[in-house]
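Under the numbering used here, the first residue of the sequence shown is numbered 65, with each subsequent residue one higher. Positions of the beta carbon are idealized from the N, C-alpha and C atoms, including for glycine.
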Amino acid sequence: MQNAKQGDTVLIDYSVRKADGTVVGHTEETGPQEIRIGDGAIFPEVEEKLAEMKVGDKETVAIDCENAFGARREEMVIDIPRDNLPADVDPQPGMSLQAQQQDGSAVTLYVVAVGDQSVKADGNHPLAGEDISFDITLREIKHAA
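Take a look at the structure:
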């Protein structure tokens, strides 16, 4: 049986865990995910491991925070005056907000605290500062022509 290689499309099941073991993502409900090795749709460390695997193989890939979602940056936690929020938004902790950066790109902010005059929002990815690991099972390989 052949290994997967660059350019192949693979079907994988996975779960993503933080260092403390908390599962933060998985394919249990959605079913296997299709990935084309080399397209950059998943972390390079996972692609490298997939390129060594055969159908049925199970592997764990550890990714440190710097290579995952980066270090937490406290300057990404900001206070937003409530007057700057749309009138129809009732901010609640955990809620996500979309904002436009100075360069015009969009950023997702996560509400962490709500006050009378302002809302504290975090622009860090929820997994920033976290080492993560992927438990991968290779289900199928569709070899590139």
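Taking a cut-off of 8 Å on C-beta distances, the region 171-183 does not touch the region 106-120, as fewer than three cross pairs fall below it. Only residues of its own chain outside the window of five on either side were considered, and among them V88, L191, E194, D195 and I196 have a CB closer than 8 Å to the CB of K82, listed in chain order. Taking C-beta atoms as the reference points, L202 and I76 count as a pair closer than 8 Å. Between A208 and D72 the beta-carbon gap is near 5 Å, inside 8 Å, which marks them as a contact. Separation of D186 and T172 (C-alpha to C-alpha, rounded to the nearest whole angstrom) is 8 Å. For K113, the CB contacts under 6 Å within the same chain, skipping 5 residues up- and downstream, are E123 and V125 in chain order.
DSSP places K69 outside both helix and strand once states are collapsed to three, so it counts as coil. Under the three-state reduction of DSSP output, P145 falls in the strand class. Going by DSSP, K122 is part of no alpha helix (DSSP H) but of the beta strand (DSSP E) stretching over K122 to I127. Beta bridge pairing from DSSP links L161 with L173.
About 7 Å separates the beta carbon of V74 from that of E204, a gap short enough to meet the 8 Å contact definition.
The residue from G158, D152, D103 and I99 with its alpha-carbon nearest to that of K206 is I99.
Around the beta carbon of E130, a 10 Å sphere encloses fewer than 16 other beta carbons of the protein chains shown; the residue is thus reported as exposed.
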